[in-house]
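Peer 1:
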Ligand code: ADP
Ligand code: MG
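In my numbering, the protein residues as written are 59 to 494.
1. I need the straight-line Cα distance from residue 434 to residue 59, nearest angstrom please.
2. Residue 101 lies in the beta strand (DSSP E); which residues open and close that run?
3. For residue 166 and residue 301, I'd like the C-alpha separation in whole angstroms.
4. For residue 67, count neighbouring C-beta atoms within 10 Å of its own C-beta (all shown protein chains included) and say buried if the count is 16 or more, exposed if not.
5. Would you say the beta carbon of residue 99 comes nearer than 8 Å to a heavy atom of the ligand MG?
6. Thinking C-alpha only, which one of 370, 347, 281 is nearest residue 446?
7. Residue 103 and residue 254: beta carbons closer than 9 Å?
8. Compute the distance between the beta-carbons of residue 294 and residue 389, then report whether it is under 9 Å.
9. Would you list the residues sitting across from residue 372 in a DSSP beta bridge?
10. Report whether the distance from the Cβ of residue 105 to the nearest heavy atom of the ligand MG is below 8 Å.
11. Exposed or buried, which one is residue 123 when buried takes at least 16 other CB atoms within 10 Å?
12. Could you check whether the Cβ of residue 80 sits closer than 8 Å to any heavy atom belonging to the ligand ADP?
13. Can you give me the start and stop residues for the alpha helix (DSSP H) that residue 85 sits inside?
14. Residues bridged to residue 275 by DSSP?
15. Pick from 93, 211, 180: whose alpha carbon is nearest that of residue 159?
16. Contact check, residue 344 vs residue 139 under 8 Å by CB: the rounded distance?
17. State the start and end residues of the unbroken alpha helix (DSSP H) segment that holds residue 194.
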């Protein structure tokens, strides 16, 4: 199918061509006609499948040009970075119209945003909290809103924005078109869609939580954190292959520690993004990464969610995400829009449990690779051994309420569990980390 067949008008077709889009993606093919016909729509498609243009283009077709002072469209997204990214895509696709865009997000002063609203706008792109704050200050009116879009709905709920979203819904005019986009459709998103939309149509492009096919996945079993660091340092030496890399960590602490380590050891061409960094630092880091000036970005899940960067060569999961859907989101950073990429995950013994669950979620096994010869494998420290053992114990307890725990007298209490573990216990000897 072509964009012409989707009945978009010339000014948008020209902009699409200049953006380098040749054909609509599946979600665009399905969503655009339905949105144009005025239906409420739920669009489920994984990250990197072109959901932004899938809602922006038909919405622009409806508002056509600048009009009055009051906004007519609101797009809600979870993070500041996404606000800026959606705005950028909007401005590009609407470049042959005079549609006005206003970006609202926290972490910066309210005054410039208020002034922009007062000057008149057509499309607001906002994080839920800042939108509510500015509305409560009387910075704009909602009565002309004809289209409301919740983008990355799953993530907004994960981030606890439900109260703000509900408050906004209560003020919006009843008669308007509602659109909801999400990479996954867990029950809480379903509930939100029921509260917020009457008789929506739902399109689901790929089965839930299946990684993009263009991503090659690799799993490295690794005994401990120092080995993870050595392996990372080793991989990053190949600057040509690893030319644009995002490294994900669970916490800002690890993110910062890893950033400091790599900056010293591997490369100066590196930035970090997490919530301890100021707004401007984060935006600058993202921009430098996007422009190619910076090769490596170390990030937490929240900071990097939904961010679209062209041709990321590698996503490296320094640790396995505990929110399993984040795995899909993380690896969705690479292999975007028909390009191919590689997703590498480091897994210690405690993380095996989570990988099993992730493999179940994505419906496939992640191929394993041995640690390369050149990488030094230090002994696991006593502290880390304990931490890993405790974590495994905790997971077992969660899975089996009858499990008595490794630190309990397990031989006598649960002989079966013990004998089952015998072979793997032997394998826990450090020789196990010898390469074949
Ligand atoms: P999603 O919101 O589904 O994660 P995005 O809307 O961020 O995905 O789009 C991912 C990338 O694909 C962006 O760089 C976007 O410019 C590009 N893109 C979108 N639609 C097309 C298309 N029809 N052809 C080629 N690239 C596209
Ligand atoms: Mg998106």
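C-beta atoms are modelled at their ideal positions from N, C-alpha and C, and glycine is treated no differently.
Source: prediction; values computed, not measured.
Peer 2: Answer, in terms of the structure:
1. Between the C-alpha atoms of residue 434 and residue 59 there is a straight-line separation of about 52 Å.
2. Per DSSP, residue 101 is one residue of the beta strand (DSSP E) stretching across 99 to 102.
3. When rounded, the distance between both Cα atoms is 32 Å.
4. With fewer than 16 other Cβ atoms within 10 Å, it is exposed.
5. Every heavy atom of the ligand MG is 8 Å or more from the Cβ of residue 99, so no.
6. Of the residues 370, 347, 281, the one whose Cα lies closest to the Cα of residue 446 is 281.
7. Result no, Cβ atoms of residue 103 and residue 254 do not sit closer than 9 Å.
8. Cβ distance not < 9 Å, so residue 294 and residue 389 don't count as in contact.
9. Looking at the DSSP assignment, residue 372 forms a beta bridge with 303, 400.
10. Correct: residue 105 has its Cβ closer than 8 Å to the ligand MG.
11. Under this definition residue 123 is an exposed residue.
12. Yes, Cβ of residue 80 sits closer than 8 Å to a heavy atom of the ligand ADP.
13. Segment 84 to 94, the alpha helix (DSSP H) holding residue 85.
14. Its beta-bridge partners are 401.
15. Answer by Cα proximity: 180.
16. Correct: roughly 6 Å between the Cβ atoms.
17. Run containing residue 194: 186 to 194, per the alpha helix (DSSP H) assignment.
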